[in-house]
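Under this note's numbering, think of the first position of the sequence shown as 24, with each following residue one higher. One structure below.
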Amino acid sequence: MISIIYSDEFLDHDTGIYHPEKAARLTAIVEALKQTEWQSKLTWHLPTPLEIRDEVIPLIKQVHNQDYVDRLRRICQQGGGRLDADTPVSARSYDVALLAVSGWLDGVERVLSTGDPTFILARPPGHHATSNYGMGFCLFSNAAIAAYYALENKRVQKVAILDWDVHHGNGTQDIVENHPQIAYCSLHQFPFYPGTGEAREKGEFNNVLNIPLSAGSTIKDYQEHFEGQVIPFLKNFQPDLVIVSAGYDANQADPLAGICLHPQDYGILTKYLLTLNKPLLFGLEGGYDLETLAASVVATLEALL
24 MISIIYSDEF LDHDTGIYHP EKAARLTAIV EALKQTEWQS KLTWHLPTPL EIRDEVIPLI
84 KQVHNQDYVD RLRRICQQGG GRLDADTPVS ARSYDVALLA VSGWLDGVER VLSTGDPTFI
144 LARPPGHHAT SNYGMGFCLF SNAAIAAYYA LENKRVQKVA ILDWDVHHGN GTQDIVENHP
204 QIAYCSLHQF PFYPGTGEAR EKGEFNNVLN IPLSAGSTIK DYQEHFEGQV IPFLKNFQPD
264 LVIVSAGYDA NQADPLAGIC LHPQDYGILT KYLLTLNKPL LFGLEGGYDL ETLAASVVAT
324 LEALL
């Protein structure tokens with residue numbers, strides 16, 4: 024079985040009708056999953072309500088600056104605005120972002136308790152959110168917060184984050200690169216937004232692996248890097264949990280990038296991760312062509328089955 028953590032409340036982060044990171048991303052995925060022949064093998068779970076999970080804000084403040092958290096909350100309380108030119112927020116965005124973090128924490132708990140893979144189908148995304156500010160559609164650094172939370176479990180000594188979003192997760196790297204118990208690996212188009220993620224960036228403990236890719240790269244390029252670098256790096260780190268920042272904007276059809284993957288290719292990448300024999304937690308990041316986004320999530324979960 025695969026657990027899906029989802030709530031209709033994630034649709035309430037209103038970025039505007041023309042913004043690429045919109046609620047329709049989630050509804051397209053939900054509809055596609057409910058039409059699969061194997062939908063009975065999915066179990067759907069609501070994220071833990073914030074009034075029950077009181078550790079969300081303290082965990083966020085472990086990785087994010089208090090001034091930034093206060094600024095985001097204030098903008099939303101005033102009805103919304105922009106964190107930067109690309110990152111609008113609405114009146115409910117702060118609360119929805121908190122609930123998304125709760126969902127990621129639920130994912131950690133579920134994977135560690137059952138051993139079964141879990142997919143957090145939430146928004147807003149997080150991998151561009153640095154410790155000091157949100158950017159690139161992202162508010163809180165969900166994957167990094169989840170990694171910190173996992174390390175509170177005495178059975179977890181190390182956590183690895185694999186980021187296959189087409190953009191480098193500058194926020195995730197910013198937060199975890201100096202933590203010896205967290206590894207970060209990213210494959211991303213370069214040079215490209217946000218301009219970070221050069222191969223020379225290794226982390227304080229050699230715990231960062233960046234694989235810059237040229238526009239036009241295909242699944243053959245990804246397979247070469249997975250076999251030659253990604254899987255050896257992760258195996259050498261020996262994590263107790265692997266978190267996947269699962270962005271799907273490396274699809275050829277995606278309007279915001281230039282990598283040439285196809286939905287079925289994410290099934291291939293997922294099968295590489297299964298060779299690690301480690302608990303796997305997936306959380307949605309980017310992906311802005313609705314049809315290929317939904318098909319890519321389907322391919323990912325089908326490979327897990």
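From the three backbone atoms N, C-alpha and C, an ideal C-beta is built for every residue, glycine too.
Check your understanding: Alpha carbon to alpha carbon, how far is Leu106 from Ser209?
Key -> 25 Å
**Study point:** Member of Gln261, Tyr245, Lys294 whose CA lies at the smallest distance from the CA of Ala273
**Key:** Tyr245
**Study point:** Chain-order list of residues whose beta-carbon lies under 8 Å from that of Leu128 (same chain, five-residue window excluded)
**Key:** Hits under 8 Å: Thr71, Arg76, Glu78, Val79, Leu82, Ile168, Ala169, Tyr172.
Check your understanding: Leaving out the 5 sequence neighbours to the left and right, which residues in its chain are closer than 6 Å to Phe305 when beta-carbon positions are compared?
Key -> Phe142, Val267, Ala269
Review point. Nearest CA to the CA of Leu69: which residue from Arg133, Asn193, Leu324, Gly309?
Key: Arg133
Practice item. Taking only the alpha-carbon atoms, compute the straight-line gap between Leu316 and Pro286 and give it to the nearest angstrom. Key: Our two residues, Leu316 and Pro286, have alpha carbons roughly 7 Å apart in a direct line.
Practice item. Look at the alpha carbon of Gly251 and the alpha carbon of Gly103, and state the distance between them as a whole number of angstroms. Key: 45 Å
Review point. Using the C-alpha atoms, what's the distance from Asp37 back to Ser319?
Key: 24 Å
Review point. So, using beta-carbon positions, are Pro262 and Lys177 closer together than 7 Å?
Key: no
Point to revise | Reduced DSSP category for Asp118 - H, G, I as helix; E, B as strand; rest coil | key: helix
Check your understanding: Comparing alpha-carbon positions, which option in Tyr311, Cys161, Lys258, Tyr271 lies nearest Tyr295?
Key -> Lys258
Practice item. Measure from the alpha carbon of Lys45 to the alpha carbon of each residue in Glu32, Ser136, Tyr216, then state which is nearest. Key: Glu32
Point to revise | Classification of Tyr29 by the beta-carbon crowding that lies within 10 angstroms, buried from 16 upward | key: Its Cβ being crowded by 16 or more others within 10 Å, Tyr29 is buried.
Exercise for review: Sort Ser26, His87, Leu34, Lys225 by Cα distance to Gln62 and report the nearest one.
Suggested key: Ser26
Exercise for review: Under the assumption that Ala123 contacts Asn88 (Cβ atoms under 8 Å), give the Cβ distance between them as a whole number of angstroms.
Suggested key: No, Ala123 and Asn88 are not in contact; Cβ-Cβ is about 19 Å, not under 8 Å.
**Study point:** Identified DSSP bridge partners for Tyr207
**Key:** Ile184, Val231
**Study point:** Contact check, Asn155 vs Tyr207, beta carbons under 7 Å
**Key:** no
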